[in-house]
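Read the structure below first, then the notes.
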């Protein structure tokens, strides 16, 4: 059965037809889009480990699911990189079958609880929603995905996707970030013997070292990883492929395929004067030290420099994570410096909104041309160019 045939067959199931008849499309489109429940902005700007978004209640999720028109040609699926059967999981939420909704998600996604939190839905699935053509807000697919995954976790009835009979073929995955974990899950479903090699001491890659817990708690990532373990995926930490173990070693150990998912961790500096001053660092270094190495603790082995005035250069999600972390570490003035307009920022709209609510300043259409230091070699000022 092709994907299109499967979509049509599921849409034709009696319970789906009954749901469509239970409410007119005009009534569905008149339902306002749900607002995410959030921690108070003042409170959360001082706590680093509590998640900002609190998720939806059952009632909120079921009402939001009613907004979905269950289109015969679900364009939302065209915007999903892993081809989740979005109408099917959403309609299961509408009828109160939350565990079934989670099971549908896991048919094609290894990380539904993660994706429901950090995927840019407004640029992917939600950008294809039919509501937008009617001048209405898109169905909150990301919020619903998170709800279903969280409901399953909290219920304790965690499903494991069906795995094909083992074929005895060993596959190595280099890196345990989202790409590596997703690939490992896909291969495990197909019966392959998968081992993931991670250079760091924690599994999760950028999900652990790059994204703060106030946006993606580690416990959520750990549950997804445990699900992969139950599917037969093995993990090896503190192992750098190419140094700790060579590619020749992997082939000698019987691995027939290697998937490189080592990430894009190399920072991109601007090559302007003053970049070597103390206090100038990449977001990758800053977030990794804070998230994985307890560097927010002044008594740790490698504490991160905590300034009262912090500027973050850039307008993406990593910039928002960094500046919001700085606020939580005590920065009285934390600002984003971005060379383009706010409308051109690649960061998610939600991240920009949260940053503003937490007191972050935005200096757009400015670009640094030089960092200036004091007599001890510490950064104290920067010279900006107005664009």
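In the working numbering, the protein residues as written are 607 to 993.
All residues carry an ideal CB built from backbone N, CA and C; glycine is no exception.
Taking residue 641 as part of the beta strand (DSSP E), name the residues at either end of that continuous run. Per DSSP, residue 641 lies in no beta strand (DSSP E) segment and is marked neither H nor E.
Can you find at least 3 beta carbon pairs, one from the segment 820-830 and one from the segment 860-872, that sit closer than 8 Å? no
Anyone know if the C-beta pair for residue 658 and residue 821 falls short of 9 Å? yes
Between 811, 937, 801, 967, which lies nearest to residue 859 when the distance is taken from Cα to Cα? 801
Residue range of the beta strand (DSSP E) that residue 972 falls in? 972-979
According to DSSP, residues forming a beta bridge with residue 987: BP columns for residue 987 point to 978.
Roughly how many angstroms separate the alpha carbons of residue 728 and residue 954, rounded to a whole number? Separation of residue 728 and residue 954 (C-alpha to C-alpha, rounded to the nearest whole angstrom) is 8 Å.
Under the three-state reduction of DSSP, which class applies to residue 676: helix, strand or coil? coil
Contact under 9 Å by Cβ, residue 940 with residue 916: Yes, these two residues count as a Cβ contact at 9 Å.
Whether residue 927 touches residue 893 by CB criterion (9 Å): yes
Based on Cα-Cα distance, which residue from 633, 635, 751, 699 lies nearest to residue 690? 751
Which residue wins for smallest C-alpha separation from residue 912, given the options 849, 669, 886, 635? Checked all of 849, 669, 886, 635; the closest Cα to residue 912 is 886.
Note the first and the last residue of the continuous alpha helix (DSSP H) segment covering residue 708. Its alpha helix (DSSP H) spans residues 704-714.
According to DSSP, residue 939 sits in a beta bridge with which residue or residues? 915
Enumerated in chain order, which unbroken segments of the alpha helix (DSSP H) with a length of 4 residues or greater are wholly contained in the segment 842-930? 853-858, 889-898
Report yes if the C-beta distance between residue 999 and residue 748 is below 9 Å; otherwise report no. Because the chain here runs from 607 to 993, residue 999 falls outside it and cannot be looked at.
As an exercise, report each continuous alpha helix (DSSP H) stretch of at least 4 residues that is fully enclosed by the segment 715-801, in chain order. Every unbroken stretch of the alpha helix (DSSP H) spanning 4 or more residues and falling wholly within the segment 715-801 is given here in chain order: 718-724, 736-739, 747-761, 784-795.
Tell me which same chain residues have a C-beta within less than 6 Å of the C-beta of residue 682, skipping the five on either side of it? 692, 731, 734, 735
Pairing CB atoms from the segment 701-709 with CB atoms from the segment 753-773, are three or more of them under 8 Å? yes
What are the start and end residues of the alpha helix (DSSP H) that includes residue 833? 824-836
Contacts around residue 715, its chain only, beta-carbon distance under 7 Å, and the 5 residues preceding and following it disregarded: Within the same chain, and ignoring the five residues on either side of residue 715 in sequence, the residues whose Cβ sits closer than 7 Å to its Cβ are 688, 690, 721.
With respect to the alpha helix (DSSP H) encompassing residue 955, which residues constitute its N-terminal and C-terminal limits? 955-963
Looking at C-alpha atoms only, which residue of 933, 608, 618, 988 is the closest neighbour of residue 883? 988
Measure the C-alpha to C-alpha separation of residue 680 and residue 791 and round it to an integer number of angstroms. If you draw a straight line from the Cα of residue 680 to the Cα of residue 791, it comes to about 25 Å.
Can the beta-carbon of residue 803 be found less than 9 Å from the beta-carbon of residue 842? Going by C-beta atoms, residue 803 is nearer than 9 Å to residue 842.
DSSP state of residue 685, grouped into three classes? helix
Return the residue from the list 746, 880, 717, 774 that minimises the CA-CA distance to residue 981. The candidate whose alpha carbon is nearest that of residue 981 is 880.
Could you pull the start and end residues of the alpha helix (DSSP H) that residue 698 belongs to? 692-700
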